[in-house]
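> Got a structure for you, written out below as structure tokens; questions coming shortly.
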Amino acid sequence: MLRLRKPSVLSSSRGRTALCREGFYYSLELVFVFVVAFLADMNLLMVLAGMMIGPLWFSRRLVAATLRGLVICRKMPREICAGDMLVVTLAISNTRRRMGSWALVAEEQIRREGDSGRQPPLQASVLFSHVPAGQQRDRVYRGRISQRGRYRFGPLEISTRFPFGFFRRVVAIDQTDWLMVYPRLGRLTGQWRARHHESFDGAKRRERRHGGASGDFYGARPWRSGDSRRFIHWRSSARHGSLIVRQFDQQRNRDLALLVELWQPEMPALEHFENVELAVSFAATIIADICRKGGSDMVIGTTAAPAECFRGPASAVLLRDAMAALATAEADYRDRLPQLLQAVVERIDRGTEVVLVSTRAVNLSDSRRFGALVADLARRGMLTQIRAVNTADPTLARYFEAQ
Amino acid sequence: MYVERLLQLNIATLACLATVLIGMGQQSAVLPLAMFVLTIASVWLNDFTRRISFGRGVTGVAQVAALLLSLASFRLDRDVLILSLARLLVFWQIVVLYQKKDVRTYWHQLQLSLLQVVVAALLAQDFLFGLLLIVYLFTALCAVTLIFLYEERNRYQRADRAAPILVVAGSRWPLGRQQPSFSGVLAGRPGVQRELFTRMLKTAGASLMLSVLVFLLVPRFGHSAWRGPGGGPRPAIGFDDRVRLGSLVSGSILQNPQKVLEIRFFREAPEPEDPNPVYLVRNDIYLRGALLTQYNRGEWKRPRPRLPRMDHPVFRQLPGGREQVRQEITTEPLPRNELFCVWPFTIPPETQGYVNYDPSSGRLTRAHPSPFHPTTYRLWTTAFDLGWQSRMTPHDDQVEPNRAELLAMPPPDSPNGLPGLAEMAQEWLTEAEIPHSDTYRRALILEGRLRDSGLFEYSLAPVQRDLSLDPVEDFTVNHRQGHCEYFATALAMMLRSARIPARIIVGFHTDEWHDRGNFFLARQLHAHTWVEAYLEADQVPEDLRKELHGYQWSSGAWLRLDPTPASRSPGGVLGALTTTSWLNWLDNIWSRYVIHMDRGQQQTAVYRPATEAVKGAAQRVADLGWWRGLFKQLRQWLGLNRWLGISEDWVDGLLAAALSVLLVAVGYGGGRLFWNVWAARLQTQGGPERQRPRSMVAFYRRLEAILARRGLVRGASQTQREFAARAGQALPQSVHSLRLAKLPGEIVEAFYRVRFGGQPLDKQGAEAVEQALAQLDGAISRKG
Chain A
1 MLRLRKPSVL SSSRGRTALC REGFYYSLEL VFVFVVAFLA DMNLLMVLAG MMIGPLWFSR
61 RLVAATLRGL VICRKMPREI CAGDMLVVTL AISNTRRRMG SWALVAEEQI RREGDSGRQP
121 PLQASVLFSH VPAGQQRDRV YRGRISQRGR YRFGPLEIST RFPFGFFRRV VAIDQTDWLM
181 VYPRLGRLTG QWRARHHESF DGAKRRERRH GGASGDFYGA RPWRSGDSRR FIHWRSSARH
241 GSLIVRQFDQ QRNRDLALLV ELWQPEMPAL EHFENVELAV SFAATIIADI CRKGGSDMVI
301 GTTAAPAECF RGPASAVLLR DAMAALATAE ADYRDRLPQL LQAVVERIDR GTEVVLVSTR
361 AVNLSDSRRF GALVADLARR GMLTQIRAVN TADPTLARYF EAQ
Chain B
1 MYVERLLQLN IATLACLATV LIGMGQQSAV LPLAMFVLTI ASVWLNDFTR RISFGRGVTG
61 VAQVAALLLS LASFRLDRDV LILSLARLLV FWQIVVLYQK KDVRTYWHQL QLSLLQVVVA
121 ALLAQDFLFG LLLIVYLFTA LCAVTLIFLY EERNRYQRAD RAAPILVVAG SRWPLGRQQP
181 SFSGVLAGRP GVQRELFTRM LKTAGASLML SVLVFLLVPR FGHSAWRGPG GGPRPAIGFD
241 DRVRLGSLVS GSILQNPQKV LEIRFFREAP EPEDPNPVYL VRNDIYLRGA LLTQYNRGEW
301 KRPRPRLPRM DHPVFRQLPG GREQVRQEIT TEPLPRNELF CVWPFTIPPE TQGYVNYDPS
361 SGRLTRAHPS PFHPTTYRLW TTAFDLGWQS RMTPHDDQVE PNRAELLAMP PPDSPNGLPG
421 LAEMAQEWLT EAEIPHSDTY RRALILEGRL RDSGLFEYSL APVQRDLSLD PVEDFTVNHR
481 QGHCEYFATA LAMMLRSARI PARIIVGFHT DEWHDRGNFF LARQLHAHTW VEAYLEADQV
541 PEDLRKELHG YQWSSGAWLR LDPTPASRSP GGVLGALTTT SWLNWLDNIW SRYVIHMDRG
601 QQQTAVYRPA TEAVKGAAQR VADLGWWRGL FKQLRQWLGL NRWLGISEDW VDGLLAAALS
661 VLLVAVGYGG GRLFWNVWAA RLQTQGGPER QRPRSMVAFY RRLEAILARR GLVRGASQTQ
721 REFAARAGQA LPQSVHSLRL AKLPGEIVEA FYRVRFGGQP LDKQGAEAVE QALAQLDGAI
781 SRKG
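Chains A and B supply the protein sequences, listed in that same order. Counting in this note's numbering, the first sequence runs from 1 upward without gaps. Counting in this note's numbering, the second sequence runs from 1 upward without gaps.
Below you can see the structure in the form of structure tokens.
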């Protein structure tokens, strides 16, 4: 999905002008010629010095004039997966009636949200060779962002050194766009699917979904994002003062709770970083797979701060929210898995398959770590049904291929 | 490729131009021709086909070799040093022409060509240098622009690559070592077209005007400007009390349009029916400066002094019965002391003490030389008869004419003899069959033949003379081209060969009449040489005696003879522009106002006229009469009297009121413009402190705009906090995540701190607000 921002009009007064290296050397030559001409009464050198002043003077005026009256807008997608080709289009309209603009450089900073200020932002720049008066020119820049997260595009800087390269004028435009870089999706292997179906086939439980009239009416629940308006029960909604939707029973579907533990040591190494990314990518691939198929409810929880827990029918909306949460999920050295399990176990229905994707080996019977859950007999049984996948374990390759 | 080709051709042209400028200074075509050929070869062999393309090492060695060669002919002489430097730069430029080209090489070539021009400016140059410098300026501006565009496009052409995903062996996460990178895609035409060159042309024109201003206004402190090797003063037409024939070997004579004097003529007593005192002169006038009598091998000298110098008027009393005309002469500041006037003249009492007359040399001079101030003097003359300046002047001097000196000629058999000239004169006189006693007609015959026969041609160009002959003999016999000095000398010598005493007069001959001001203007280009033949008392024709009544002819008379052909056009500046070579005129302007611009010239030509113009304008503005005159002209021009049907006073009042309103409106508009421009500038230049109030509350406006998309608009009675609370309650129903509900409150708290607490946001606070706004924006957009 592309996003077209409201265009920004360049006002030259907001810019700053600096002398470039070429201009500095030229100025030195000019001063030399002028001083010699002045001291020695060399009239022809004085003529030459006068001629050399003009380009320097008018260059400073022209760099400002070149940037005046330009309208700029950025066209870019809202979301993208890490490693995919990102193409951003910048459009500059020259609203002047007479004067064209040459050699405009649009440069922008791309900074990942949450990165420390010490890390240099990514730079992207594109050259507009010529924007004739009254016309518009589009130019694209492209590249790949390898790290998931939320990226801020901007501020945009338009600069030019036209006509002689002696001065550079930069006008900064406070035009900011955000890009969500989702985790990179991999491929689930046949072994994962087989295991998933085996687990499913062994359980003849009632799965609920709301997709179609073939199922029996099961009950009503508050409206959640992603629910179709067709299933809103208007009478109940009017009685409760909030939207209520109907739920239907359907066989051969089951819910899934996907828990992602993003743990890494306080001083992580490269392999820990890889484990975290593999975990996120694996989880994202599972969610994408289930949401594409639909037909079940999902509970998704991560240990990343701030802890977020999503619940809803497997749909494009849930996929987008979950991907956004995974995109910004940060690994931590603190152990947040017990709290996550506590929160999720309370919210899931019986029969829900629980998959825990972790960056380390997890012993769910550890009473010191999961004391409260282990002490509760009803929940202890649920713990035993959790399928844990350790992304640090090389056997992950049996279920998932990172691409 | 198109830009690069254009750049290569442009740089090659620049190299050629710079070398041509050096060649002009050296007055040699060898280097420019060599450079031209080598440049064409380099463009083909190096730039286009890359057959010969040296690396940096080879070119460096070649440049060092050129330097060593130049050092071999090194001498501690200023002129030699400059010429050696010029040659060295040309050699270096040739070497770089064959170097493999990149942006650095192009800059190098540009710098070298600029250095060449700097060195060329140290050499003696004529105005063609100025014209070529303008061409060079335009070409150089284009070259700099093309280099710049070429560099920019090159930079983005190299970067136009999308980085593929690198798969690193042994890595479980394929993006682990992937460095994020972005590259702009270079597309579209470079825009090197007519508009760009038009812009360069305009820039060059504006630079040229700026350079003129800088050149004229930068003060000079020296009394003589730099003249490079061979840079002596150029010969120019102008008054000189010495005449040297054959001195012009090379270079044409400049027609110097410098103003010398203004001369006005007034009647002695205006008649009642014609109160205008201006005396209208109907023909061109001759203003005498100095007379020369002694001739020796092309050189004329003043007469030998025969009486002690005495200051007295030429005429003790003007003859009665003739028109008395007052001549009022204003001379410009000149380094010479001679004064010029129409002869015969007498010095009125009010002028005595300001001018001196030396009857021995026949010179009228300033009594108090003042080379920096104009001089005005009044004299009387009787030379005019019904507006015509008479050709005959009675000899009324206190000194008897020195006939021996006036008839002196080199012996015919000597190397300086003038046998050809004398023979030609004799031949003409024989053909005319005029008796020896009729001196007057014999003189006119010789004058007419020289001037009108077509055998002789007026020219300011240098003529190669036969150095074994006297210049005037060569002029008469071999090379019949020359300027007025040749014609005057030839006639004087012919008259003397015919035993008619003659002398030559140096002065001004002008017909440049200015109606506005009623004066004749004499410029340096009007400087002229003519001949006066002496007629004994009995040789003055009877009809002339009657015509020129009132004069005493007892001491003889001087007959003015001007043998210079009429093709010479002394028509002033306009005449010089239209009928003579305008290039000559330009050359003169160049010489006077550029090459020889020193402190004195700057004072005379720039500072003083500018000061006087400002003073004059100020005086006019303060002069009520000037305003009345202006209103009168406006009245007449617009026909307001007839149109409005009111009196002149009322019309003047209306015009004054309209002008006042106009001035107030212009002043107000200008003030507003000034205020707007400078207020905006001060606001942007004041830094963050000045900009804070507007920018800091902008984030709150963005919050309102975002919430408005969900239909949440602050009521008129709501405070910002109340609005944020309501929005927080409303948002969870609309969006997915509960934490979004807190965001409006956080943003509004930041707004309160800034707006009402006067606490600016720090970097982290601003970042937090920005993130909160973005989250809200994103969430609401998704739902939208």
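Here a beta-carbon is modelled for each residue, glycine too, at the ideal position from N, C-alpha and C. On a predicted model such as this, the values are computed, not experimentally measured, just so you know.
1) Give a yes or no on whether 9 Å exceeds the smallest Cβ distance from A206/B to chain A.
2) Measure the Cβ-Cβ separation of E108/A and R74/A and say whether it is below 9 Å.
3) So V260/A and A283/A are supposed to be a Cβ contact under 8 Å. How far apart are they, rounded?
4) I'd like the list of long-range same chain contacts for N390/A, defined as Cβ closer than 8 Å, with 5 residues on each side in sequence excluded.
5) Have a look at S414/B, E767/B, E749/B, R496/B and flag the residue whose alpha-carbon is nearest the alpha-carbon of L407/B.
6) Determine, using beta carbons only, whether A103/A and L90/A come nearer to each other than 9 Å.
7) Report yes if the C-beta distance between L655/B and L640/B is below 9 Å; otherwise report no.
8) Examine the Cβ distances between the region 28-38 of chain B and the region 57-64 of chain B and report whether three or more of them are shorter than 8 Å.
9) Is there contact between the region 461-477 of chain B and the region 216-226 of chain B, where contact requires at least three CB pairs shorter than 8 Å?
10) Excluding five sequence neighbours on each side, which residues of the same chain lie with their C-beta closer than 8 Å to the C-beta of A29/B?
11) Compute the distance between the beta-carbons of A206/B and L97/B, then report whether it is under 9 Å.
12) Using the C-alpha atoms, what's the distance from F475/B back to L455/B?
13) Is it buried or exposed for I347/B, if we count other Cβ within 10 angstroms and need 16 for buried?
14) Taking the straight line between their C-alpha atoms, what separation do you get for Q775/B and G381/A?
15) Please go through the region 222-270 of chain A and give each complete beta strand (DSSP E) segment of 3 or more residues, from N-terminal end onward.
16) Going by the beta-carbon positions, is the gap between T95/A and V126/A smaller than 9 Å?
17) Listed from N- to C-terminal order along the chain, which residues in the region 131-142 of chain A have their beta-carbon within a distance smaller than 7 Å of any beta-carbon of chain B?
18) Among residues of its own chain, excluding the 5 on either side of R142/A, which ones have a beta-carbon nearer than 8 Å to its beta-carbon?
19) Around the C-beta of E350/B, are 16 or more other C-beta atoms found within 10 angstroms, so that it is buried, or is it exposed?
20) Go ahead and label V20/B buried or exposed: buried means 16 or more other beta carbons lie within 10 angstroms of its beta carbon, across all protein chains shown.
21) Under a Cβ-count criterion, where at least 16 other Cβ atoms within 10 Å of its own Cβ denotes burial, should K101/B be classed as buried or exposed?
22) Y486/B lies in the alpha helix (DSSP H); which residues open and close that run?
23) Just curious, the alpha helix (DSSP H) that F91/B is in, first and last residue?
24) CA-CA distance, V281/B and V355/B?
25) In whole angstroms, give me the CA-to-CA distance for Y399/A and L258/A.
26) Using a cut-off of 9 Å between C-beta atoms, extract the partners of P55/A located in chain B.
27) Below 7 Å CB to CB, which residues in the same chain sit around Y593/B once its five sequence neighbours on both sides are set aside?
28) Check the DSSP bridge columns for K301/B and list the partner residues they point to.
29) Going along chain B in order, which residues have a C-beta closer than 8 Å to the C-beta of N460/A?
30) Taking only three categories from DSSP, how would you classify M52/A?
31) Which residues in chain B sit within 9 Å of M42/A, going by Cβ to Cβ distance?
32) Give every residue of the same chain whose Cβ lies closer than 7 Å to the Cβ of I386/A, excluding the five residues on either side of it in the sequence, and list them in chain order.
33) Can you check whether the C-beta of L89/B is within less than 9 Å of a C-beta belonging to chain A?
34) To the nearest whole angstrom, what separates the beta carbons of G803/B and V477/B, a pair I think is in contact under 8 Å?
35) Is the beta carbon of S591/B sitting closer than 9 Å to the one on F127/B?
36) If you compare alpha carbons, which of V769/B, E323/B, V212/B is closest to F266/B?
Answer, in terms of the structure:
1) Translated into the one-based positions of the second sequence, residue 206/B becomes position 206. For A206/B, the answer is yes, since a Cβ of chain A falls inside 9 Å of its Cβ.
2) Position 108 of the first sequence, counted from the start, is the residue given in the question as residue 108/A. Position 74 of the first sequence, counted from the start, is the residue given in the question as residue 74/A. Cβ distance < 9 Å, so E108/A and R74/A count as in contact.
3) Sequence index remark: in the first sequence, residue 260/A carries index 260 (1-based). Sequence index remark: in the first sequence, residue 283/A carries index 283 (1-based). Sure, about 5 Å apart at Cβ, within 8 Å.
4) Stepping through the first sequence from its first residue, residue 390/A is reached at position 390. Counting only Cβ-Cβ distances below 8 Å, and skipping sequence neighbours, we find S358, T359, R360, A361, V362, L396.
5) As a working note, residue 407/B is residue 407 in the second sequence. When each option's Cα is compared against that of L407/B, the closest is R496/B.
6) The residue given as residue 103/A occupies position 103 in the first sequence. The residue given as residue 90/A occupies position 90 in the first sequence. It is not a contact, given that the beta carbons lie outside the stated cut-off.
7) Within the second sequence, the letter at position 655 stands for residue 655/B. Within the second sequence, the letter at position 640 stands for residue 640/B. Their beta carbons are under 9 Å apart, which means L655/B touches L640/B by this criterion.
8) no
9) no
10) Here residue 29/B refers to the residue found at position 29 when the second sequence is read from its first residue. The residues are G23.
11) Indexing the second sequence from 1 puts residue 206/B at position 206. Indexing the second sequence from 1 puts residue 97/B at position 97. Not closer than 9 Å, so no.
12) Taking the second sequence and counting its residues from 1, one reaches residue 455/B at position 455. Taking the second sequence and counting its residues from 1, one reaches residue 475/B at position 475. The alpha-carbon atoms of L455/B and F475/B are separated by roughly 11 Å.
13) Translated into positions along the second sequence, residue 347/B becomes position 347. By the 10 Å Cβ count, I347/B comes out buried.
14) Counting from one through the second sequence, the residue named residue 775/B turns up at place 775. Counting from one through the first sequence, the residue named residue 381/A turns up at place 381. Q775/B and G381/A: Cα-Cα distance of roughly 39 Å.
15) 244-250, 256-261
16) In the first sequence, counting from the first residue as 1, residue 95/A sits at position 95. In the first sequence, counting from the first residue as 1, residue 126/A sits at position 126. Contact: no.
17) R137, R139, V140, Y141, R142
18) Reading the first sequence from its first residue, position 142 is the one you call residue 142/A. Same-chain partners within the cutoff: M85, L86, V87, V88.
19) Position 350 of the second sequence, counting from 1, holds the residue named residue 350/B. Per the 10 Å Cβ criterion, exposed.
20) One-based indexing of the second sequence puts residue 20/B at position 20. Per the 10 Å Cβ criterion, buried.
21) Position 101 of the second sequence, counting from 1, holds the residue named residue 101/B. Buried: at least 16 other Cβ atoms inside 10 Å.
22) Within the second sequence, the letter at position 486 stands for residue 486/B. Y486/B -> alpha helix (DSSP H) spans 484-497.
23) The residue labelled residue 91/B in the question sits at position 91 within the second sequence. It spans 78-97 - the alpha helix (DSSP H) in which F91/B sits, taken as one unbroken run.
24) Counting from 1 along the second sequence, the entry for residue 281/B is found at position 281. Counting from 1 along the second sequence, the entry for residue 355/B is found at position 355. Going by the C-alpha atoms only, they are around 25 Å apart.
25) Looking up residue 399/A in the first sequence gives position 399. Looking up residue 258/A in the first sequence gives position 258. Each residue's Cα considered, the two are about 15 Å apart.
26) As a first step, residue 55/A must be located in the first sequence, where it is residue number 55. Ordered by position in chain B, the residues that pass the 9 Å Cβ test against P55/A are L137, A140, L141, V144, T203, A204, S207.
27) For the purposes of this step, residue 593/B is identified with residue 593 of the second sequence, where counting begins at 1. Cβ within range, chain order: A605.
28) To locate residue 301/B, count along the second sequence from 1; it is residue 301. Paired residues: Q294/B.
29) Missing from the structure shown is residue 460/A; chain A here goes from 1 to 403 and no further.
30) Reading the first sequence from its first residue, position 52 is the one you call residue 52/A. Correct three-state label for M52/A: helix.
31) Taking the first sequence and counting its residues from 1, one reaches residue 42/A at position 42. Chain B residues near M42/A: A121, L122, A225, W226, G228.
32) On the first sequence, position 386 is the one that residue 386/A refers to. V354, L356, L364.
33) Here residue 89/B corresponds to residue number 89 of the second sequence, with the count starting at 1. So no, L89/B is outside the interface.
34) Residue 803/B cannot be examined here, being either before or after the span of chain B that is shown, 1 to 784.
35) Within the second sequence, the letter at position 591 stands for residue 591/B. Within the second sequence, the letter at position 127 stands for residue 127/B. Yes; because the gap between Cβ atoms is below 9 Å, this pair is in contact.
36) Counting from 1 along the second sequence, the entry for residue 266/B is found at position 266. The shortest C-alpha separation from F266/B is found at E323/B.
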